[in-house]
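Colleague: In the working numbering, the protein residues as written are 43 to 239.
For every residue, glycine included, the Cβ atom is placed at its ideal position computed from N, Cα and C.
In this text, all values refer to a predicted model and were calculated from it rather than measured experimentally.
One structure, pasted below without further comment.
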């Protein structure tokens with residue numbers, strides 16, 4: 043049975059297709075924050091996440107007339123954000139590699155040996171989570187496990203939906219969930235042991 047919120051999204055998509063601009067505003071109000079949060083899990087920078095979401099909206103609006111199952115708007119939109127976020131990360135990695143190459147060349151050059159044009163932390167992101175043990179522990183997990191945990195437990199997507207959103211097999215989703223839970227258990231045990239000492 044389709045969830046009521048998915049049916050509502052589907053109705054908004056149909057209304058927008060029929061020329062109702064207010065339906066688009068409602069869709070954006072319902073989904074923009076979720077799309078930004080989803081992008082943030084990849085890019086770890088709130089401003090970049092907003093840019094990724096904005097870029098995703100351009101794609102969404104360009105392809106919304108071709109969406110076959112209008113009730114699947116949410117998971118379809120998340121797939122687009124997923125792809126755009128990965129595109130951003132690939133571009134960033136290419137830029138980072140180029141900067142590191144330049145840095146290595148400058149280091150090799152005797153006259154510029156003391157010049158530093160890139161710091162090791164220049165691509166680190168600032169993650170603003172509440173300082174509680176659960177969120178801190180989740181942050182210790184690999185990014186791909188964090189994303190699957192959030193989609194499954196926070197966003198309440200099914201294994202199949204997560205598989206479609208992340209474009210991975212259902213087995214991979216289950217595996218990441220399993221290993222994420224096991225790793226969290228281990229982290230909690232270690233933190234608890236340290237706290238007792």
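Label residue 222 either buried or exposed according to how many other C-beta atoms from any shown protein chain fall within 10 Å of its C-beta, with 16 as the threshold for buried.
Modeller: For the purposes of this step, residue 222 is taken as the residue at position 180 of the chain shown. The residue is buried, with at least 16 neighbouring Cβ atoms inside 10 Å.
Colleague: Identify the continuous alpha helix (DSSP H) that holds residue 91 and give its terminal residues.
Modeller: The residue labelled residue 91 in the question sits at position 49 within the chain shown. Taken as a continuous stretch (DSSP letters only), the alpha helix (DSSP H) holding residue 91 covers 88 to 105.
Colleague: Residue 189 lies in the alpha helix (DSSP H); which residues open and close that run?
Modeller: In the chain shown, residue 189 corresponds to position 147, counting from 1. Unbroken alpha helix (DSSP H) run through residue 189: 185 to 191.
Colleague: Run through DSSP, which three-state label would residue 62 get?
Modeller: As a position in the chain shown, residue 62 is number 20, starting the count at 1. In this structure, residue 62 counts as coil in the three-state DSSP scheme.
Colleague: Measuring only the C-alpha atoms, how far is residue 129 from residue 201?
Modeller: On the chain shown, residue 129 is found 87 positions in, with the first residue counted as 1. On the chain shown, residue 201 is found 159 positions in, with the first residue counted as 1. The straight-line gap from Cα to Cα measures roughly 24 Å.
Colleague: If residue 117 and residue 207 are in contact, beta carbons under 8 Å, what's the gap, nearest whole angstrom?
Modeller: To locate residue 117, count along the chain shown from 1; it is residue 75. To locate residue 207, count along the chain shown from 1; it is residue 165. About 6 Å; that satisfies the 8 Å criterion.
Colleague: Is it buried or exposed for residue 102, if we count other Cβ within 10 angstroms and need 16 for buried?
Modeller: The residue labelled residue 102 in the question sits at position 60 within the chain shown. Buried, since its Cβ has 16 or more Cβ neighbours within 10 Å.
Colleague: Return the Cβ separation of residue 111 and residue 59 in integer angstroms, given the expectation that the two are a contact with Cβ distance under 8 Å.
Modeller: Here residue 111 corresponds to residue number 69 of the chain shown, with the count starting at 1. Here residue 59 corresponds to residue number 17 of the chain shown, with the count starting at 1. Contact doesn't hold; Cβ gap of about 13 Å is too wide.
Colleague: Within 10 Å of its beta-carbon, does residue 36 have 16 or more other beta-carbons around it, so buried, or fewer, so exposed?
Modeller: Residue numbering for the chain in the displayed model covers 43 to 239; residue 36 lies beyond these limits and cannot be assessed.
Colleague: Could you spell out where the alpha helix (DSSP H) holding residue 203 opens and where it closes?
Modeller: The residue given as residue 203 occupies position 161 in the chain shown. 201 to 208 is the extent of the alpha helix (DSSP H) around residue 203.
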